[in-house]
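Residues in the sequence shown are numbered from 244 upward in steps of one, following our numbering.
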Amino acid sequence: MNEASEGTRRVVCGIVADYHWHDARWFAYFGFAPMLVGAIGMVSSGASYLGWTLDIGTILGLGPLVLSESVLIIPVYFVVSMLFFAGGVEWWVLCRHCPCYEYSGARHEDEKKFYCLGNWGSPKLYKYAPGRISRLGQSVFVLWVAFYLFFPILYMLGRWELALIQVITAVSFVVTLRHWACSHCPNFGCILNCVSAEDKEAFIEAMESGLVYPNRQESP
């Protein structure tokens, strides 16, 4: 990977104006932890709500090997989660309001994509819309994140120790994200953003003066 595609981490007024590839890689490892822990717990649970089973062993001619519903639902859980995070929904409700969405592509010589902590090299499908995220957008974001973090617990209700591990993992994820990422994130419209008012004001002034994003152009 060349230097231009990796990028350079740049912090202005305590806020990350441009992310490095290592930031995105860290987020990927960290972000998939709740799903991995959840999948392991679901495999160990064997709970069933829909009565799904699949004798995959007989289908493959290997003898009886029945997959339970809690195993079969894992791909569904993955696909639904990724529809939000990588399928364009998050880009609409959250990302398009962030200055990184609009301006990060220029530093990577591809203005049709954006580069940030959670989306590295994702396509810019929507028009940049600076400002606060609507209540509907915030609700969609919160509900989808809650699904991602807590859905596996439905298949762990008979195993309290597995459910407890998932809850601890989910809470740890949110606390760590808020401390290390949301406290330095330029997307001030996000419901999780916790940048101080002073840093927000200083960063906005730096943007308006052209010190943060030299390629910045006023939105119509």
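Virtual Cβ for every residue (Gly too), placed ideally from N, Cα, C.
Quantities reported herein were computed from a predicted structural model and do not represent experimental measurements.
> Between THR412, GLU441, ALA413 and GLY331, which lies nearest to SER426 when the distance is taken from Cα to Cα?
Replying inline: GLU441
>> Measuring straight from C-alpha to C-alpha, what distance separates ILE376 and HIS340?
In response: 7 Å
> Taking C-beta to C-beta, are TRP335 and ALA267 nearer than 8 Å?
Replying inline: no
> Where does VAL438 fall in DSSP's three states?
Replying inline: coil
> Distance, Cα to Cα, GLU312 vs VAL286?
Replying inline: 9 Å
>> In the DSSP output, which residue or residues are listed as bridge partners for SER288?
In response: The partner list for SER288 (beta bridge, DSSP) is empty, contrary to what the question assumes.
> Less than 8 Å separating the beta-carbons of PRO395 and PRO373?
Replying inline: no
> Does the beta-carbon of ALA271 have 16 or more other beta-carbons within 10 angstroms, so that it is buried, or is it exposed?
Replying inline: exposed
>> Taking its Cβ as the centre, do 16 or more other Cβ atoms sit within 10 Å of ASP261, making it buried, or is it exposed?
In response: buried
> Anyone know if the C-beta pair for PHE416 and ALA276 falls short of 8 Å?
Replying inline: yes
>> I'd like to know if the region 294 to 309 and the region 345 to 355 are in contact, where contact means that at least 3 CB-CB pairs between them fall below 8 Å.
In response: no
> Can you list, in chain order, the residues of its chain whose CB lies under 6 Å from that of GLY274, leaving out five sequence neighbours each side?
Replying inline: none
> With 16 other CB atoms within 10 Å as the buried threshold, where does ALA329 fall?
Replying inline: exposed
>> Pull the bridge partners of LEU310 from the DSSP assignment, please.
In response: LEU297
> Where does TYR346 sit, in a helix, a strand or coil, going by DSSP?
Replying inline: helix
> How is ASP261 classed by DSSP in three states: helix, strand or coil?
Replying inline: strand
>> Can you list, in chain order, the residues of its chain with a C-beta nearer than 6 Å to that of TYR391? Leave out the 5 residues immediately preceding and following it.
In response: SER324
> Count the other CB atoms within 10 Å of the CB of GLU448; is the residue buried (16 or more) or exposed (fewer)?
Replying inline: exposed
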